[in-house]
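Under mature numbering (1 follows the signal peptide of the UniProt record, and there is no 0), read the sequence shown as residues -36 to -1, 1 to 310, first letter to last. The beta carbon of each residue, even a glycine, is placed where N, CA and C say it ideally should be. Working notes, beginning with the structure itself.
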Amino acid sequence: MGPNRGRGAPSSSLGFVLMLFAATVSLALLAPTAQAAHPNAQKLQLDFYKSSCPSAEKVISTAVDTALNLQPNSSVGILRVFFHDCFVNGCDASVLIDGPNSEKNTTDNGGLHGFEVIDAAKAAVEKQCPGVVSCADVLALATQLSVKKLSGGKITYRVPLGRRDGLRSVAADVTGKLPKQTASVAELKKLFKANGLSTQDLVALSGAHSVGTAGCKEIRDRLTASPATLDPTYGAALNKSCPPGSAADSDACHWEWQCAEKRNNLDVTTPNVLDEVYYKNLQNKKGLLTSDQNLQSNPETRPMVAANTQMRTFGPNFAMAMVKLGNIVHLSGTQGEIRLNCRRFN
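Structure follows, in structure tokens:
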């Protein structure tokens, strides 16, 4: 889901719709009991702000929806920001901190965007309930709304709340915490296991790569891969977009805003929709990143890829994995703080 690892029409079948609806309803009921990656996650709860700020979720939802209607591409950015935040010292909004030595200011977090949406939502809820709602919870809610928008309303879940904002954001902490675009399945499993996430979660969360883009430098190794794992027509198109030795191969083009014309869609088929087509692409040797295509090549994860080619499976799997991702919390009670401005410590 990160920049170092770098969408389908609704079915007309009434049976499919009813099945997907049932899965979504069941998921909402299961969310509070999703496996936690850290004991403090058990302190998260639905309706956490029921007494302290009853309108919190409504205010945040309104602000996020308004911002995303103005900046639709920010949905993808927020999803990536959430993943990158939670995988480095837990979901504590540390990636939102500005500063020359902060987590945000690293190569691994280059290209993250959507911060203005979080700022708008935080400002709105501060007006309603000053000093009550954490930036970490604002980000978690904004991510849920982004997922809903990107999936056309097909993937939704309730967000347990009660996170605290971290007091540390150090660039060095990011090193080795985020998946690389060349990662093997064994390397990916190690990173996810360290955060209490299973191999099934790994495959489900990789589905976030049905939206977003990757630069030429990030896929250079993919273009030199064995023909056995890369569709020749797709490979030819990528080589045309990213010819060897081009300017887009340079270090200066690692961040999206620097070489926008050389970005490649992570999902070549439905690039703007969070859906199951990503997995079908892997089966057809059209995974953009080596780490993604490795999920199809590996005998353990290949059946999981196949299962997720059905939206009725992928939707609930992705939603449950997102709840577990949000449960990676290391702070609770009075630990950390409730930031007044998400970009700086109080």
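Per-residue burial, residue i [other beta carbons within 10 Å of its own, 16 or more giving buried]
i, result
"Arg308", "exposed"
"Ser255", "buried"
"Pro280", "buried"
"Lys14", "exposed"
"Thr139", "exposed"
"Lys244", "buried"
"Gly54", "buried"
"Gln260", "buried"
"Asn258", "buried"
"Ser38", "buried"
"Gln(-2)", "For Gln(-2), the pLDDT reaches just 42, beneath the cut-off of 50, and the residue's location in the model is therefore unreliable, although a value from the coordinates is still provided. Burial call: exposed."
"Gly179", "buried"
"Ala200", "exposed"
Nonlocal neighbours in the same chain, by C-beta distance under 8 angstroms from residue i, ignoring five residues either side
i, result
"Lys153", "Thr163 and Leu166"
"Ile82", "Ile42, Val45, Leu60, Cys99, Val102, Leu103, Ala106 and Cys306"
Where the alpha helix (DSSP H) containing residue i begins and where it ends
i, result
"His77", "Counting along the chain, His77 falls outside any alpha helix (DSSP H), and DSSP gives it neither H nor E."
"Arg44", "Ser38 to Cys50"
"residue 334", "The structure shown has nothing for residue 334, since the chain only spans -36 to 310."
"Ser205", "Pro196 to Ser205"
"Cys99", "Cys99 to Leu114"
"Thr273", "No alpha helix (DSSP H) contains Thr273, which DSSP labels as neither H nor E."
"Gln145", "Per DSSP, Gln145 belongs to no alpha helix (DSSP H) and is neither H nor E."
"Ile183", "Cys180 to Leu187"
"Leu246", "Val241 to Gln247"
"Ala57", "Looking at the DSSP string, Ala57 is not in any alpha helix (DSSP H), and its letter there is neither H nor E."
Integer Cβ distance of residue i from residue j, believed to fall under 8 angstroms
i, j, result
"Thr146", "Arg227", "With a Cβ gap of about 19 angstroms, Thr146 and Arg227 do not count as contacting."
"Gly300", "Gly130", "5 angstroms"
"Leu253", "Glu151", "Contact doesn't hold; Cβ gap of about 13 angstroms is too wide."
"Thr273", "Gln247", "7 angstroms"
"Phe12", "Leu125", "4 angstroms"
CA-to-CA distance, residue j to residue i, given in whole angstroms
i, j, result
"Met275", "Lys249", "20 angstroms"
"Val45", "Ala135", "15 angstroms"
"Ala(-14)", "Lys112", "The pLDDT assigned to Ala(-14) is 44, lower than 50, so where the model puts this residue is not dependable; a value taken from the coordinates is nonetheless given after this. Rounded to whole angstroms, Ala(-14) to Lys112 spans 15 angstroms at the Cα level."
"Ala189", "Leu76", "27 angstroms"
"Asn262", "Val149", "7 angstroms"
"Asn291", "Ser205", "39 angstroms"
"Ser58", "Asn73", "12 angstroms"
"Leu202", "Tyr242", "17 angstroms"
"Leu238", "Gly171", "8 angstroms"
"Met268", "Lys91", "45 angstroms"
"Glu240", "Leu194", "19 angstroms"
"Ala1", "Pro36", "In this prediction, Ala1 scores a pLDDT of 47, lower than 50, which makes its location untrustworthy; the coordinate-derived value is nonetheless stated afterwards. Cα to Cα, the separation comes out at about 31 angstroms."
"Gly63", "Leu155", "26 angstroms"
"Thr71", "Thr26", "33 angstroms"
Residues near residue i by beta carbon distance below 6 angstroms, same chain, minus five either side
i, result
"Leu289", "Cys50"
"Val89", "Ala20, Val23, Ile24 and Val97"
"Ser133", "Ser58, Ile61, Ser66 and Glu67"
"Arg186", "Thr254"
Neighbourhood of residue i by C-beta, 7 angstroms cutoff - its chain only, sequence neighbours within 5 removed
i, result
"Asp29", "Leu109"
"Asp137", "Val52, Asn53 and Glu67"
"His48", "Gly(-35), Val59, Asn73, Leu76 and Leu142"
"Gly78", "Ser38, Gly41, Ile42 and Val45"
"Lys86", "Cys99, Val102 and Cys306"
"Asn33", "none"
"Asn310", "Glu301, Arg303 and Leu304"
Distance cut-off 7 angstroms: residue i Cβ against heavy atoms of the ligand FAD
i, result
"Val149", "Summarising the ligand content, the structure contains no ligands, and the ligand FAD is consequently not present."
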